[in-house]
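Residue numbers for the sequence shown follow my numbering, beginning at 18 and rising by one.
In what follows, a single structure is set out as C-alpha cells and then discussed.
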Amino acid sequence: MSLLERRVVPANLPWGIDARSPLGRPVTVSGSATRGTVNGQPVVLAGTNNYLGLTYEPRCIEAAVEALRRLGTGTTGSRMANGTYAEHLLLEQELADFYGLPHALTFTTGYQANLGMIAALGGSDGILMLDAECHASIYDGARLAGCELYRFKHNDPADLEKRLRRLGARATDTLVVLEGIYSMRGDQPPLAELCAVARAAGACLLVDEAHSFGVLGGRGRGAVELFDVEDQVDFVTGTFSKSLGATGGFCVSRHDLRYVVPLARPYIFSASLTPAVVASTRAALGIVAAEPELRARLWDNTRRVHAACTALGLLRTPCESPIVAVALAEPEHALDIWHGLIGEGLYVNLIAPPAAPGNYLLLRCSLSAAHTDADVDDIVRAFGWLAARYGASVLHL
Ligand code: PMP
18 MSLLERRVVP ANLPWGIDAR SPLGRPVTVS GSATRGTVNG QPVVLAGTNN YLGLTYEPRC
78 IEAAVEALRR LGTGTTGSRM ANGTYAEHLL LEQELADFYG LPHALTFTTG YQANLGMIAA
138 LGGSDGILML DAECHASIYD GARLAGCELY RFKHNDPADL EKRLRRLGAR ATDTLVVLEG
198 IYSMRGDQPP LAELCAVARA AGACLLVDEA HSFGVLGGRG RGAVELFDVE DQVDFVTGTF
258 SKSLGATGGF CVSRHDLRYV VPLARPYIFS ASLTPAVVAS TRAALGIVAA EPELRARLWD
318 NTRRVHAACT ALGLLRTPCE SPIVAVALAE PEHALDIWHG LIGEGLYVNL IAPPAAPGNY
378 LLLRCSLSAA HTDADVDDIV RAFGWLAARY GASVLHL
C-alpha cells in the first residue's frame, strides 16, 4: 500500500467526515458568547473554554478594532525578524506584572508556547518528566527536544518521587511538567505535594495553566497561586485562547527568558501575534486583573452544574471544575448522544482518543462566567435528559 493509501483514509477519523461527525457540524455564533446554532438548532454553547466569557467583551473588541486600523491585519514576520512591535513588548510587560515576575514571552499560540519552551528547556541533553495526562503540545515539545522523556502516573506524587529517585544525581537535569487544570477531565493536581517532591530532588518545574489562568487563585494567577507555590515553580505557560478569549500563548518566569529565545523554534520560525490579538488580549488581561467578580460568577455556575451532575449520578468526583466530562465507551453511541444533546439545545465537545487521555470518549462541557442562570438551567436540563436515557452507560473513571 502506498503512503497516500495508508494516510488519506476514513479509518484515520473516529467518525469519518460525513455530516453527522463533529467536523460536519460547525457551530454558528453571532453576537453571543453562550448562545449559537448547530445545523439550525439553537444551542447553549458549553464547549468553548470561554471561561470568563470575554470573546464579545466590548472593551476587547474596541481595542482589537483600533489596533487593526492602526497597525494592520498582520505582522508578516516572526518576533526575531520584523514581527516585534512595541505592543508585543507592552503585553509581555503586563503579563510579567500580572504575575509579579520579571520575565514574560509571548507566542503565536498556546500550543507553540509549550512546544517552544519545553523543546528549549529539554534540549538534547536534558530530561523531561511529564504527568502522563499532559497535553499534546507538551509531548510534542518533548519530541522536538529529542531528549530523554519519562512519564509519571497522573497526579501521583509517590510515583514522581520514585522516578526522580531512579535518576539519582541526574534529577537536577530534569524538568517536571504539570498542568494547573487538566484539559479533558478537568481535574487539578496535588500541586503542593508534587512541587515538594520535585524541589527535594533538585528538579525544576513548569506548570501549564492553559485552563487555570484567570480561573483559579484569588487574583486569577492559576493553580500556582491557589496552592501557594508561586515561589517554587520555575516556569508558567498559558494561552490567550481560553479565559482571555483570543489566541496566543505565553511563558512567565523568574529566570531570564531572553536566553531561552534562540532555542525556542516556534518563537523564531513563526509569524508573531497579530496586532488585533495583542490589543484584545491586553484589554482582557486588564479585565482579569481588575474584575474578580467574573471568576466568582464562573465558580457559581461551576458549583451549580457540579452539584446537579453529581445528583444525576453523572459525576462521582468531589473536585469541582469548570470542565465537566462525561465518559462513554463506544464511539457510535457517544456520537448519537452528542447529537441528542444538540437536539436538547446543548453543545458540548465530543472528544475521542488521542485527545481523550484513555480509551474512551468524552462529552466535555466547559462553563463560562457569561452563562446566565437561564443558560445553566438549560445545561442542567440537558444533562438530566442524558442521565435519564443513558446514565447506565456512563463510565466512572
Ligand atoms: N495546553 C493545554 C493544557 C491545552 O488544553 C491547550 C489547548 N487545548 C493548549 C495548551 C494549547 O493552547 P492553544 O489552543 O491556545 O494553542
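Built from N, CA and C at the ideal position, the CB exists for glycine as well.
Sequence-distant residues of the same chain with beta carbon closer than 6 Å to residue i, five excluded per side
| i | result |
| --- | --- |
| Ala81 | Ala293, Ala296, Ser297 |
| Ile198 | Gln205, His228, Ser229 |
| Asp392 | Thr51, Val61 |
| Asn318 | Leu384, His388, Val393 |
| Ala415 | Residue 415 cannot be examined here, being either before or after the span of the chain that is shown, 18 to 414. |
| Leu367 | Pro39, Trp355 |
| Glu361 | Ala399, Trp402 |
| Val277 | Ala137 |
| Leu243 | Leu233, Gly234 |
| Val193 | Met146, Ala215, Ala220, Leu222 |
Rounded straight-line distance, which links the Cα of residue j to that of residue i
| i | j | result |
| --- | --- | --- |
| Val214 | Leu177 | 7 Å |
| Ile396 | Ala98 | 47 Å |
| Arg168 | Cys151 | 9 Å |
| Val60 | Met201 | 21 Å |
| Ser154 | Ala113 | 23 Å |
| Ala263 | Trp32 | 29 Å |
| Ala344 | Ala328 | 17 Å |
| Tyr128 | Thr256 | 8 Å |
| Leu274 | Pro371 | 32 Å |
| Ser287 | Leu208 | 33 Å |
| Arg238 | Asp245 | 10 Å |
| Ser49 | His105 | 28 Å |
| Leu412 | Cys336 | 17 Å |
| Asn67 | Thr125 | 18 Å |
| Arg88 | Gly265 | Strictly speaking, residue 88 in this sequence is Leu, with Arg absent from that position. For Leu88 and Gly265, the distance between alpha carbons rounds to 18 Å. |
| Ala325 | Phe267 | 35 Å |
| Pro309 | Val26 | 48 Å |
| Tyr377 | Glu83 | 45 Å |
| Ala28 | Arg406 | 29 Å |
| Glu247 | Ala342 | 28 Å |
| Pro174 | Glu22 | 45 Å |
| Gly53 | Arg86 | 28 Å |
Identity of the residue in the options nearest residue i by Cα
| i | options | result |
| --- | --- | --- |
| Arg271 | Gly53, Ile135, His120 | His120 |
| Ser338 | Leu345, Leu363, Arg312 | Arg312 |
| Ser410 | Leu166, Ile78, Glu349, Leu106 | Glu349 |
| Glu196 | Phe124, Ala328, Val224 | Val224 |
| Arg160 | Met134, Pro174, His171, Ala175 | Met134 |
| Pro374 | Ala306, Ala405, Asp148, Gly143 | Asp148 |
| Tyr73 | Ser47, Gly64, Thr93, Ala84 | Ser47 |
| Gly143 | Ala404, Arg381, Ala186 | Ala186 |
| Cys382 | Gly330, Thr65, Ala28, Tyr276 | Thr65 |
| Glu111 | Ile304, Val277, His356 | Ile304 |
| Gly70 | Ser19, Val253, Val232 | Val232 |
| Thr334 | Arg320, Tyr276, Leu30 | Arg320 |
| Leu211 | Gly362, Ala188, Asn172, Glu226 | Asn172 |
| Gly117 | Val277, Leu367, Arg236, Asn366 | Arg236 |
| Thr189 | Pro174, Leu145, Lys170, Gly203 | Leu145 |
| Lys259 | Gln58, Glu226, Arg86 | Glu226 |
| Leu261 | Ile34, Glu22, Asp35, Ile78 | Ile78 |
| Gly408 | Gly330, Ala346, Val193, Ala399 | Gly330 |
| Ala103 | Ser289, Arg406, Ala405, Ala346 | Ser289 |
| Val269 | Leu280, Tyr276, Val253, Val277 | Val253 |
| Leu302 | Arg76, Leu138, Leu379, Arg406 | Arg76 |
| Leu138 | Ala342, Pro279, Leu21 | Pro279 |
| Ala346 | Ile285, Leu380, Glu22 | Leu380 |
| Ala130 | Ala306, Ile285, Ala307 | Ile285 |
| Gln58 | Gly357, Glu22, Cys164, Leu166 | Gly357 |
| Phe115 | Ala306, Thr191, Ala63, Glu22 | Ala306 |
| Val322 | Gly140, Asp390, Ala351 | Asp390 |
Sequence-distant residues of its chain with Cβ nearer than 7 Å to residue i (five each side left out)
| i | result |
| --- | --- |
| Thr90 | Thr291 |
| Leu132 | Ser154, Asp157, Gly158, Leu161, Pro283 |
| Leu108 | Thr123, Val295, Thr298, Arg299 |
| Lys170 | Ala149, Asp176 |
| Ala369 | Pro31, Pro348, Leu378 |
| Leu315 | Tyr68, Leu69, Val232, Pro339, Leu384, Ser385, Ala386 |
| Ala404 | Leu329, Gly330, Leu331 |
| Asp35 | Gly41 |
Beta-carbon proximity list for residue i, same chain, < 8 Å, skipping 5 on both sides
| i | result |
| --- | --- |
| Val55 | Arg42, Pro43, Val44, Thr45, Ile359, Tyr364 |
| Val250 | Cys212, Leu222, Leu223, Val224, Val241 |
| Thr93 | Asn99, Gly100, Ala288 |
| Arg37 | Leu352, His356 |
Near the ligand NAD: residue i beta-carbon under 7 Å from a heavy atom
| i | result |
| --- | --- |
| Tyr128 | With respect to small molecules bound, the structure shown includes the ligand PMP and not the ligand NAD. |
Min CB distance residue i to chain D below 8 Å
| i | result |
| --- | --- |
| Ala188 | The structure shown contains no chain D; it is built from a single protein chain. |
*asked:* Threshold first: 3 residues or longer. Then list the beta strand (DSSP E) segments lying entirely within the region 90-140, N to C.
replied: As far as the region 90-140 is concerned, its whole beta strand (DSSP E) runs of at least 3 residues are 120-124.
*Segments assigned beta strand (DSSP E), at least 3 residues, entirely inside the region 225-292*: 252-256, 266-270
*Which full runs of the beta strand (DSSP E) of 3+ residues lie inside the region 146-209, going along the chain?*
165-169, 191-196
_Using a Cβ distance threshold of 8 Å, determine whether the region 177-189 contacts the region 215-224, with at least three qualifying pairs required._
yes
*What are the complete beta strand (DSSP E) segments, minimum 3 residues, inside the region 328-372?*
340-345, 366-368
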